[in-house]
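Novice: Can you read through this structure? Questions will come right after.
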Amino acid sequence: MLTSEILETAKQPEYVDFCADCAGGDAFIAAANQLASQGLIAKKFGKGGYRWYLVGAK
Amino acid sequence: MSLKPLQVIAAIREYYEQYPACAGRSIHKLGEEASNAYSTARAKFANFINTAEPEECIWTRNATESLNMVASSVKLPKGSKIVTTTLEHHSGSLPFVERARRDSLKIEIVEAKDDGTFDIEDWNRVIDTNTSLISVVHSSNVTGTIAPMKEIIEIAHDRGALVMSDDAQYAPHHPLDVQDLDVDFSAISVHKMCGPTGVGVLYGKMDLLKSMDMFLVGGDTVADVRYVDGKIVPEYLPPPEKFEAGLQNYAGAIGAGAAADYLQSIGMHNIELHERNLLSFVLKSLKEMDKVTIFGTDDIHIKTGLVAFMVSTVNTAHDVAGYLSDSCGVMLRSGAHCTHPYHYQMGIPPSKGTNRASVYLYNNRKDVETFIEGLHALVEASS
Numbered sequence: 029m030l031t032s033e034i035l036e037t038a039k040q041p042e043y044v045d046f047c048a049d050c051a052g053g054d055a056f057i058a059a060a061n062q063l064a065s066q067g068l069i070a071k072k073f074g075k076g077g078y079r080w081y082l083v084g085a086k
Numbered sequence: 252m253s254l255k256p257l258q259v260i261a262a263i264r265e266y267y268e269q270y271p272a273c274a275g276r277s278i279h280k281l282g283e284e285a286s287n288a289y290s291t292a293r294a295k296f297a298n299f300i301n302t303a304e305p306e307e308c309i310w311t312r313n314a315t316e317s318l319n320m321v322a323s324s325v326k327l328p329k330g331s332k333i334v335t336t337t338l339e340h341h342s343g344s345l346p347f348v349e350r351a352r353r354d355s356l357k358i359e360i361v362e363a364k365d366d367g368t369f370d371i372e373d374w375n376r377v378i379d380t381n382t383s384l385i386s387v388v389h390s391s392n393v394t395g396t397i398a399p400m401k402e403i404i405e406i407a408h409d410r411g412a413l414v415m416s417d418d419a420q421y422a423p424h425h426p427l428d429v430q431d432l433d434v435d436f437s438a439i440s441v442h443k444m445c446g447p448t449g450v451g452v453l454y455g456k457m458d459l460l461k462s463m464d465m466f467l468v469g470g471d472t473v474a475d476v477r478y479v480d481g482k483i484v485p486e487y488l489p490p491p492e493k494f495e496a497g498l499q500n501y502a503g504a505i506g507a508g509a510a511a512d513y514l515q516s517i518g519m520h521n522i523e524l525h526e527r528n529l530l531s532f533v534l535k536s537l538k539e540m541d542k543v544t545i546f547g548t549d550d551i552h553i554k555t556g557l558v559a560f561m562v563s564t565v566n567t568a569h570d571v572a573g574y575l576s577d578s579c580g581v582m583l584r585s586g587a588h589c590t591h592p593y594h595y596q597m598g599i600p601p602s603k604g605t606n607r608a609s610v611y612l613y614n615n616r617k618d619v620e621t622f623i624e625g626l627h628a629l630v631e632a633s634s
């Protein structure tokens, strides 16, 4: 998913228990970077920005 | 946030290592040292912004608390009007929106122009004799534009209104003389001016501070608390103690004093000039990039050393910040910078946001070159 797609998805009602942040989405991205540091997800920069994926999937 | 010079770190370390005691209450040698350092720090900060007396500087946690303190505690006539702007940091607008809601006061918003500047005629039109207080950001943390503060204060005072200046972005970068400005209140965050986190300052004219209601009460705010006829009867101290309840952030205040000393040793005019030179270079370089849109005026004489921008090849500002941090160690702020109304005004959803590149006294031309080269690489990689 692109970063922008993650930010849009995080705002959906079904994720409200997991994702709480202001409309700017700073905390979502900080959380994503933490997950990447832990090797659980990865990111690759390309057209439009970063694309994030589960490790082991592409 | 800013980097911290060794002098500030040393001052804080010295407090914790040599005299980690309470100021103003402990009757022993370490307490005396802490008291001296704490009051000296207040005097240093008062000198930094040229208050009439040190007691006009109240230690707070940050500019947000300073703004909330005024919004909650300043006496405002019933039915009067508060004025604020679309350019405010949330901390400069929301406390006053809440005060207006709570006390059924009117609130009117002055819209900043797209470039972040203000038309003084809008202020002239909005501030009337029913206006009791204006909350305005002196230098925008998004566009960097500097408000025509002296003119606003003149209009406000002429019509009987108080002015609260959010100086969180202004004070670290420009000489600030609160007496010359004749501003009624000023909110400053020390972490933005080479000082520690968790400490800020509220400046207020003494007669106003004396007339304000309490904000936080408890230990250290009282001259006495008697128990009379079944009632608890407090007698409150004058400012600053009136507003400094409980154990204070002594290390933070001492660090704030050291930060004020440090900046003054370099000279605020020198810092301002250094930033303007770098800012010119940043603006020129960004303007040459056709995938980059700059926000805010490019008049460096009414601009603090920061530039907000967007890159059209990247969907969200957070990705620009992430790429530059990962690829070349350049750290920018991204998002809506706690100024959602301005972003909405500009048609930018907060989740898309803008990037903010800022320069300070410790940056140099090489830093700017690294940033620009990184941005070129980003545009190429994302196109």
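Protein chains in written order, with the working numbering: chain A, 29 to 86; chain B, 252 to 634. We put the beta carbon where it would ideally sit given N, CA and C, even for glycine. Values in this document were obtained by computation on a predicted structure and should not be read as measured data.
1. I'd like to know if the region 419–426 of chain B and the region 357–369 of chain B are in contact, where contact means that at least 3 CB-CB pairs between them fall below 8 Å.
2. Between which two residues does the alpha helix (DSSP H) carrying N298 of chain B extend?
3. Around the Cβ of E402 of chain B, are there at least 16 other Cβ atoms within 10 angstroms (buried) or fewer (exposed)?
4. For chain B, is any of its Cβ atoms less than 7 Å away from the one on G77 of chain A?
5. If the cut is a Cβ gap below 9 Å, which residues of chain B does I57 of chain A touch?
6. By Cβ distance, which residues of its chain are closer than 6 Å to M561 of chain B, with the 5 residues on each side in sequence left out?
7. Bridge partners for R79 of chain A per DSSP, in chain order?
8. Pop quiz: V388 of chain B and H340 of chain B are said to be a contact at Cβ under 8 Å. What is the actual Cβ separation, rounded to whole angstroms?
9. Once the 5 residues before and after S247 of chain B are set aside, which same chain residues still bring their CB inside 6 Å of it?
10. Assuming contact is defined by CB atoms lying nearer than 7 Å, are S585 of chain B and A572 of chain B in contact in what I supplied?
11. I want to verify the contact list: residues of chain B whose CB lies under 9 Å from the CB of T37 of chain A, in sequence order.
12. Output, in chain order, the set of chain B residues within a Cβ distance shorter than 8 Å of G74 of chain A.
13. Below 7 Å on C-beta distance, what does P592 of chain B contact in chain A?
14. For my contact list, G74 of chain A and A628 of chain B are in at a C-beta cut-off of 8 Å; report their separation, rounded to the angstrom.
15. Would you mind telling me which residues of chain A sit closer than 7 Å to G604 of chain B, beta carbon to beta carbon, in chain order?
16. Please confirm whether any heavy atom of the ligand FAD lies closer than 6 Å to the CB of M597 of chain B.
17. Taking the straight line between their C-alpha atoms, what separation do you get for L460 of chain B and M320 of chain B?
18. Is M415 of chain B helix, strand or coil when you go by DSSP?
19. Spell out the partners DSSP gives L384 of chain B in its beta bridges.
20. Any C-beta of chain A sitting closer than 7 Å to the C-beta of P256 of chain B?
21. Do you know offhand how far A303 of chain B's Cα is from L68 of chain A's?
22. When DSSP labels each residue in this structure, what does I309 of chain B get in the three-state scheme?
23. Counting along the chain, where does the beta strand (DSSP E) carrying S585 of chain B start and finish?
24. Shortest alpha-carbon distance to L327 of chain B belongs to which of B:D354, B:E307, B:L318 and B:L338?
Specialist: Result, derived from the coordinates:
1. No: the two stretches stay apart, fewer than three of their Cβ pairs being nearer than 8 Å.
2. K280 to I300
3. exposed
4. yes
5. T567, H569, D570, A572, G573, S585 and G586
6. T544 and T605
7. A:L30 and A:K72
8. That pair is a contact at about 6 Å.
9. The requested residue 247 of chain B is not part of the displayed model; chain B covers only 252 to 634.
10. yes
11. Per Cβ cutoff of 9 Å: no residues; T37 of chain A is ~11 Å from chain B at best.
12. A632 and S633
13. Listed by position along chain A, the residues whose Cβ is nearer than 7 Å to that of P592 of chain B form an empty set, because the closest Cβ is around 11 Å away.
14. Not really, about 13 Å apart at Cβ, beyond 8 Å.
15. G52
16. This structure simply doesn't include the ligand FAD, nor any ligand for that matter.
17. 10 Å
18. strand
19. B:I333 and B:L413
20. no
21. 57 Å
22. strand
23. R584 to G586
24. Looking at the Cα atoms, B:D354 is the closest of the given residues.
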